[in-house]
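Participant: For the numbering used here, count along the sequence shown from 1 and bump the result up by 374. Idealized CB from N, CA, C, for every residue including glycine. Bear in mind that the values here come from a model prediction, so they are computed numbers and not experimental data.
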Amino acid sequence: TPVCLDESITGVDRANDMIALKSGRIINIKPGRVGGFAASKAIHEVCAANGIPVWCGGMLESGIGRAHNVALASLPNFKLPGDVSPSKRYWEQDIVTPEWEMNENGMVRVPLDKPGMGVAVNMDRVENLTVRRQELD
375 TPVCLDESIT GVDRANDMIA LKSGRIINIK PGRVGGFAAS KAIHEVCAAN GIPVWCGGML
435 ESGIGRAHNV ALASLPNFKL PGDVSPSKRY WEQDIVTPEW EMNENGMVRV PLDKPGMGVA
495 VNMDRVENLT VRRQELD
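1. Which value, in whole angstroms, describes the spacing of the CA atoms of K488 and L395?
2. Rank D380, S459 and E419 by C-alpha distance to the C-alpha of N477 and give the top, closest one.
3. If you draw a straight line from the alpha carbon of A441 to that of M497, how long is it in whole angstroms?
4. Alpha carbons only, please: which of L503, G437 and G480 is nearest the one belonging to Y464?
5. Ordered along the chain, which non-local residues of its own chain (more than five positions away) have a Cβ less than 7 Å from that of V386?
6. What residues in its chain sit with their C-beta under 7 Å from that of F411, if we drop five residues either side in the sequence?
7. Is the beta carbon of V484 less than 9 Å from the beta carbon of V470?
8. Kindly give me the distance between the Cβ atoms of G456 and W429, rounded to whole angstroms, as I take these residues to be in contact under 8 Å.
9. Secondary structure at I400, three-state DSSP: helix, strand or coil?
10. Rounded to the nearest angstrom, what separates D511 and V495 at their Cα positions?
11. Taking the CB atoms as reference points, tell me whether F452 and P472 lie closer together than 9 Å.
12. Among T375, G480 and A422, which residue has its Cα nearest to the Cα of N390?
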């Protein structure tokens, strides 16, 4: 059974350590844990160059974060199913339109028909969910 490293991969240096030590054969990339999307892409590239498949982990993102994870998971070395799921799995009502949906094959569509993240922020929903507002000068 291949070992997948998850929480111990906190950046590209830890991915390089795993590869050098041969301590795992798969990496779960969680953008929020590894330092963002640039770091996630760097880990993806290092793993691709070394034949290490990756998958995208989620951390209960709203539709905005999910849009970025969908884009990340569409890179070529994301070989394994990830934590990308439909909006309704975690949220009664997401803050993006369209909300993320899963097709009959259990897949989420990568929106390629327009530039940007593929969804729009529904500001009416954001306003309805806002508890407190603070403006900074």
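Facilitator: With the given structure in hand:
1. In a straight line, the C-alpha of K488 is about 42 Å away from that of L395.
2. Ranking D380, S459 and E419 by Cα distance to N477 puts S459 first.
3. Note on geometry: alpha-carbon atoms of A441 and M497 lie some 16 Å from one another.
4. When only C-alpha atoms are compared, the closest one is G437.
5. Non-local beta-carbon contacts of V386 in its own chain, meaning distances under 7 Å to residues more than five positions away in sequence, involve A413, A416, I417 and V420 in chain order.
6. So the list reads P405, H442 and L446, once near-sequence residues are dropped.
7. Cβ distance not < 9 Å, so V484 and V470 don't count as in contact.
8. Yes, G456 and W429 are in contact; Cβ-Cβ is about 4 Å, under 8 Å.
9. In this structure, I400 counts as strand in the three-state DSSP scheme.
10. Rounded to whole angstroms, D511 to V495 spans 24 Å at the Cα level.
11. Not a contact, by the Cβ cut-off of 9 Å.
12. When each option's Cα is compared against that of N390, the closest is A422.
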